[in-house]
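Structure first, then comments.
Number of protein chains: 4
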Amino acid sequence: MIAVAENRYGKSRVRLVQVRRKPEWHDLREWTVELLLRGDFLSCFSDGDNSKILPTDTMKNTVYSLARHSSAECIEDFAKELVDFLLTRNPQVSSAEVSISEKLWDHLQSEGRPHPTAFVQADGETPITAVSRSRTSAFSIYSGLENLVIMKTSGSAFEGYIRDSLTTLAPAKDRLLGTAVRARWLYSAADVAFATLRPKIRAILLAEFAGHESKSVQHTLYAMGKAVLEEVSEVIDIELTMPNKHCLLVDLSRFGQDNPNEVFVPIDEPHGYIEARLCRQG
Amino acid sequence: MIAVAENRYGKSRVRLVQVRRKPEWHDLREWTVELLLRGDFLSCFSDGDNSKILPTDTMKNTVYSLARHSSAECIEDFAKELVDFLLTRNPQVSSAEVSISEKLWDHLQSEGRPHPTAFVQADGETPITAVSRSRTSAFSIYSGLENLVIMKTSGSAFEGYIRDSLTTLAPAKDRLLGTAVRARWLYSAADVAFATLRPKIRAILLAEFAGHESKSVQHTLYAMGKAVLEEVSEVIDIELTMPNKHCLLVDLSRFGQDNPNEVFVPIDEPHGYIEARLCRQG
Amino acid sequence: MIAVAENRYGKSRVRLVQVRRKPEWHDLREWTVELLLRGDFLSCFSDGDNSKILPTDTMKNTVYSLARHSSAECIEDFAKELVDFLLTRNPQVSSAEVSISEKLWDHLQSEGRPHPTAFVQADGETPITAVSRSRTSAFSIYSGLENLVIMKTSGSAFEGYIRDSLTTLAPAKDRLLGTAVRARWLYSAADVAFATLRPKIRAILLAEFAGHESKSVQHTLYAMGKAVLEEVSEVIDIELTMPNKHCLLVDLSRFGQDNPNEVFVPIDEPHGYIEARLCRQG
Amino acid sequence: MIAVAENRYGKSRVRLVQVRRKPEWHDLREWTVELLLRGDFLSCFSDGDNSKILPTDTMKNTVYSLARHSSAECIEDFAKELVDFLLTRNPQVSSAEVSISEKLWDHLQSEGRPHPTAFVQADGETPITAVSRSRTSAFSIYSGLENLVIMKTSGSAFEGYIRDSLTTLAPAKDRLLGTAVRARWLYSAADVAFATLRPKIRAILLAEFAGHESKSVQHTLYAMGKAVLEEVSEVIDIELTMPNKHCLLVDLSRFGQDNPNEVFVPIDEPHGYIEARLCRQG
Chain S
382 MIAVAENRYG
392 KSRVRLVQVR
402 RKPEWHDLRE
412 WTVELLLRGD
422 FLSCFSDGDN
432 SKILPTDTMK
442 NTVYSLARHS
452 SAECIEDFAK
462 ELVDFLLTRN
472 PQVSSAEVSI
482 SEKLWDHLQS
492 EGRPHPTAFV
502 QADGETPITA
512 VSRSRTSAFS
522 IYSGLENLVI
532 MKTSGSAFEG
542 YIRDSLTTLA
552 PAKDRLLGTA
562 VRARWLYSAA
572 DVAFATLRPK
582 IRAILLAEFA
592 GHESKSVQHT
602 LYAMGKAVLE
612 EVSEVIDIEL
622 TMPNKHCLLV
632 DLSRFGQDNP
642 NEVFVPIDEP
652 HGYIEARLCR
662 QG
Chain X
382 MIAVAENRYG
392 KSRVRLVQVR
402 RKPEWHDLRE
412 WTVELLLRGD
422 FLSCFSDGDN
432 SKILPTDTMK
442 NTVYSLARHS
452 SAECIEDFAK
462 ELVDFLLTRN
472 PQVSSAEVSI
482 SEKLWDHLQS
492 EGRPHPTAFV
502 QADGETPITA
512 VSRSRTSAFS
522 IYSGLENLVI
532 MKTSGSAFEG
542 YIRDSLTTLA
552 PAKDRLLGTA
562 VRARWLYSAA
572 DVAFATLRPK
582 IRAILLAEFA
592 GHESKSVQHT
602 LYAMGKAVLE
612 EVSEVIDIEL
622 TMPNKHCLLV
632 DLSRFGQDNP
642 NEVFVPIDEP
652 HGYIEARLCR
662 QG
Chain Y
382 MIAVAENRYG
392 KSRVRLVQVR
402 RKPEWHDLRE
412 WTVELLLRGD
422 FLSCFSDGDN
432 SKILPTDTMK
442 NTVYSLARHS
452 SAECIEDFAK
462 ELVDFLLTRN
472 PQVSSAEVSI
482 SEKLWDHLQS
492 EGRPHPTAFV
502 QADGETPITA
512 VSRSRTSAFS
522 IYSGLENLVI
532 MKTSGSAFEG
542 YIRDSLTTLA
552 PAKDRLLGTA
562 VRARWLYSAA
572 DVAFATLRPK
582 IRAILLAEFA
592 GHESKSVQHT
602 LYAMGKAVLE
612 EVSEVIDIEL
622 TMPNKHCLLV
632 DLSRFGQDNP
642 NEVFVPIDEP
652 HGYIEARLCR
662 QG
Chain L
382 MIAVAENRYG
392 KSRVRLVQVR
402 RKPEWHDLRE
412 WTVELLLRGD
422 FLSCFSDGDN
432 SKILPTDTMK
442 NTVYSLARHS
452 SAECIEDFAK
462 ELVDFLLTRN
472 PQVSSAEVSI
482 SEKLWDHLQS
492 EGRPHPTAFV
502 QADGETPITA
512 VSRSRTSAFS
522 IYSGLENLVI
532 MKTSGSAFEG
542 YIRDSLTTLA
552 PAKDRLLGTA
562 VRARWLYSAA
572 DVAFATLRPK
582 IRAILLAEFA
592 GHESKSVQHT
602 LYAMGKAVLE
612 EVSEVIDIEL
622 TMPNKHCLLV
632 DLSRFGQDNP
642 NEVFVPIDEP
652 HGYIEARLCR
662 QG
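If you read the protein sequences in the order shown, they are chains S, X, Y and L.
Using the numbering used here, the first residue of the first sequence is number 382, and each one after it goes up by one.
Using the numbering used here, the first residue of the second sequence is number 382, and each one after it goes up by one.
Using the numbering used here, the first residue of the third sequence is number 382, and each one after it goes up by one.
Using the numbering used here, the first residue of the fourth sequence is number 382, and each one after it goes up by one.
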């Protein structure tokens, strides 16, 4: 007999643009939603019994229908609404998980002030959330961000590491340190102030990155996560992924030139990969 | 006190091309390697103590140095070599994981036969492996493939699902079923015949997909995984991810035309997402 | 006064999947269409007069409507149909250009033979065409292919080039030569045998690449294009773009190892770029 | 005899990061350079004579060597330097073209002010330039930008277009208008104030987009280009490419809900494509 050890299904990349129209001012948001359900779907798998299957097309419709009258002001609250709605309407589902990522749009600056109805996309950094709940448990709410691409040109060294017969890297007292941060933190409750905590946490991560006297990516990653945990009591743990996006110093001596830490080649591959999850002790 | 609950680090996207030169015939392979280490690196994180850090640059060098004299004929064997090498040389490391994906190159057909030293890349489908071992345990060896894009134009229905106030999907007796399979299976031992099992498993997956009378993606996914588990005793479990890459039937009645299941719009988003891990019972 | 020196508009990325259903055998094709129109649209631009504008949404509909009853067996013939249809129905349009690229699907091999209704996508290489015609002129028909990724491990040198104070490249008697060919050829007439000429031209390009004793990318590019022009009288000219996808020999001497042209690092950037258009003289 | 009708070759995706270090402040720039040469290279193509070939590897080195002592403060000036250098050193070259795109890095905001040595990447919008010169002619200098993603939620209609048997689009008095602008303008001289003109032109494009009462993409494109030509005498012509990134109003009436222009599905494909080059008349 073949068993289904784990399973989940749903809809990915459901894209939503929403305009909130006030008389003299519009708000614009763009969210991409993924909805995943878990439950005892064995008969669907083994027998082709579809009577328990909520079509993924209906999940897509759910996003648009709920969006119409939702009062959610942030991705975390909308994800909570969707999870609740799916669990309430579908007794065959044991748990639901909704992930949302946001494309940021800023009001376009025109004549020195934000234009009320025109926007420019602030590409790159992506706020994310992943909200899940089983029928019988409390919400688990992760928030985070992806692709926050940052670099520091001072205060970063890498020395004193293991040297062996395969070592070719030269120690650096003063190197460029670049990364594309992925951060994900777990909130201690489902009703914290998502909208104010997010920019606060982002600011802590950036300030720590900028000011840290870095001895390694690990060293800076820890400082960043530690600062969040120390300053934001609503965060239970935080996971940081910080690929080391290398900038290699160009050897100009071959052309009779010096290179006092000024000219670099950025490379996409290979890249270092450093990841850790930090929490409070005990 | 802030603790490091989990951590891993290493090098990603280490790319390797290797040519095996026989007098009248060359073999060409292209592998992309990721190496990740785990261990007690707390002092690196908290104090900037680099004395335990093997630089990721050295890990990259390790790939090339080992490749030179490796006798590995497949990605699984090379990953095992790398894991062993890293654990042997680095007592500070508690476990190592090496993942490799392969770009397939075929000998180019010229004048009706394969040319001995010219190749064409068979883009798309990607063989993968993930091999890990802690210092004290046996190898865990996953093999799999990604982005196997397949479609069937017959033998696929989707009916009898839940209908509610948000349902707009029409039942289909005969729809297109397209997906990009991601498969990952766990081997029961570290010395099975990787190179012959891989094509065997791939062929089972394809044959089952092609021949199955599908009542849903779940139904077909289960049939594919079940067939592998029934026919390949070396596989302990198999995880299949099969996004539903929808092809929507175009409504041509607006133009006074019929559309007898012939003209479709393929869409990338949104897409259904179906995932399950199957194992033998008990 | 501000003039419109040049303009064109239309619809991009119109995706079409078409199934031809015979009793025991299906054919599957996937085409992506771009349609662009030119004409005197000054009043649309300057005054917002839309009376001459065929909506791009209607162009999209045109693709699906024509596909239903088209007898076109290849992208060139379908592009011709679309161009003719657009010019006939839209007197305000002076010329139309339709470009189509194809995703290749092969019948899936199952039990040693092609399955009649199941398919696997042969990702990577992309057949293309660009067909245009003004109201008063004959068709201009380009066919071609993109992303034909090929490599040769023998018969490629690069020596005798200019050496100056910025040279660091070492001459190579025996290097890897890899590229992603983009080819585009102009046919001498609008009714040549597109479907048989395409594989013939592709085979010539590949055979020449494989067999050529290459002294440079330029040298091989010329040999490939020359062979096409010499062997296929229906081709007026051919443009070949062949980026040099470098594979760098790894210096293993740092680890006390030799590297007899076996272990390489493929890099995506930077890459050489070589492009030429060849034609018959006089 | 087979002739080379056109040819060019060079190096693409040469990536450069440069740090300018002042005592209390660093500047960081990231440029990606492409260098292409034209000339009489027939003997290289037809005979494998490499004596006229400057290796593309040397072109790459040229970028780094010149960057070291360049005083260029913008991509246009650095491209000019590279063109001059290549033409001066290589008599076999008849013309050179250098294109540069920039990744924007901003000083990271920390504690309310820009941090002197930490940066965040402003992904998305990309400044570009293309500078070319033949041995005997003056510079041709194009500047521009790519991927400026903008949207307006008011002041955009599309009505009064051609209606025929394939029309399904409904006229819209008030639609979302989104696009990813690609702009490219030709300067009237090689020594204009690139660094101040670029933000001026960008601001004009944005202000016009935001304030325009749009009757079509064409209508707004024209207004944007016209404003640049009228306000910036240094610009000879401007080419604007503005794909129509559609946001489709969701039909919520199926669920008993209204949708007063609030909930939309953004789609990537298909998309409208509108392109024009504007110049001053006469």
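Idealized CB from N, CA, C, for every residue including glycine.
For V631/L, no beta strand (DSSP E) segment is defined, and its DSSP state is neither H nor E. The C-alpha of C425/L lies about 16 Å from the C-alpha of F590/Y. Restricted to the segment 549-590 of chain Y, the beta strand (DSSP E) segments that are unbroken, complete and at least 3 residues in length are 558-568, listed in chain order. Our two residues, S597/L and N431/Y, have alpha carbons roughly 7 Å apart in a direct line.
Residue contact with chain S for F645/Y: absent (no Cβ-Cβ distance below 7 Å to any residue of chain S).
With respect to S524/Y, T507/Y sits apart: the two C-beta atoms are not nearer than 7 Å. For R419/Y, no CB of chain S lies under 7 Å from its own CB, so it is not counted at the interface with that chain. In this structure, the straight-line span from the alpha carbon of D555/Y to that of M532/Y is close to 13 Å.
Look at the beta carbons and you see the segment 495-505 of chain L touching the segment 394-412 of chain L: at least three pairs across the two are nearer than 8 Å.
Taking a 10 Å sphere around the C-beta of D545/S, we find fewer than 16 other C-beta atoms and assign the residue as exposed. Taking 7 Å as the cut-off, the Cβ atoms of V474/L and L463/L do not count as close. Below the 8 Å Cβ cutoff, chain L contributes M532 as neighbours of W486/S, in chain order. Taking every protein chain shown into account, the CB of G637/X has fewer than 16 other CB atoms within 10 angstroms, so this residue is exposed. Close to V501/Y, with beta-carbon spacing below 9 Å, are these residues of chain X in chain order: G505, E506, L529, V530, I531, M532, L587.
Under a 10 Å Cβ-count criterion, Q502/L is classified as buried, with 16 or more other Cβ atoms of the shown protein chains found around its own Cβ. Taking CB atoms only, T548/L has no neighbour in chain X less than 7 Å away.
Using a CB distance cut-off of 7 Å, Q399/Y counts as an interface residue toward chain X. Sorting L633/L, L557/L, R563/L by C-alpha distance to the C-alpha of S535/L places L557/L at the top. Scanning its chain for C-beta atoms nearer than 6 Å, with the 5 sequence neighbours on each side dropped, one finds around F575/X the residues C455, E457, in chain order. Taking a cut-off of 8 Å for Cβ pairs, the segment 388-400 of chain Y and the segment 632-647 of chain L do not touch, as fewer than three such pairs fall below it. Annotated as proximal: P624/Y and H652/Y, with beta-carbon spacing under 7 Å. Counting the other CB atoms within 10 Å of its CB gives Q662/X a total below 16, which places it among the exposed residues.
Under the Cβ criterion (8 Å, minimum of three pairs), the segment 576-586 of chain X counts as touching the segment 607-617 of chain X. Around K441/Y, the same chain offers K392, V395 as residues with beta carbons nearer than 7 Å, after the five sequence neighbours per side are excluded. Nothing from the segment 597-617 of chain S brings a Cβ to less than 8 Å from some Cβ of chain L. Between I617/Y and L659/Y, the gap from beta carbon to beta carbon reaches 7 Å or more. At least one CB of chain L lies nearer than 7 Å to the CB of R635/X.
Going by DSSP, Q599/Y is part of the alpha helix (DSSP H) stretching over 598-612. The Cβ of V631/Y sits closer than 7 Å to at least one Cβ of chain X. Contact of H496/L with chain S is assigned, a C-beta pair being separated by under 7 Å. In the three-state scheme derived from DSSP, where H, G and I count as helix and E and B as strand, F422/Y is classed as coil.
Per DSSP, the continuous beta strand (DSSP E) segment holding Y654/X begins and ends at 652-661. Residue environment for R494/L: exposed (fewer than 16 other C-beta atoms within 10 angstroms of its C-beta).
Pairing T549/X with L547/S gives a Cβ-Cβ distance that is not under 7 Å. Annotation: L586/L to G606/L spans about 7 Å, alpha carbon to alpha carbon. The Cβ atoms of N471/L and L416/L do not sit closer than 7 Å to each other.
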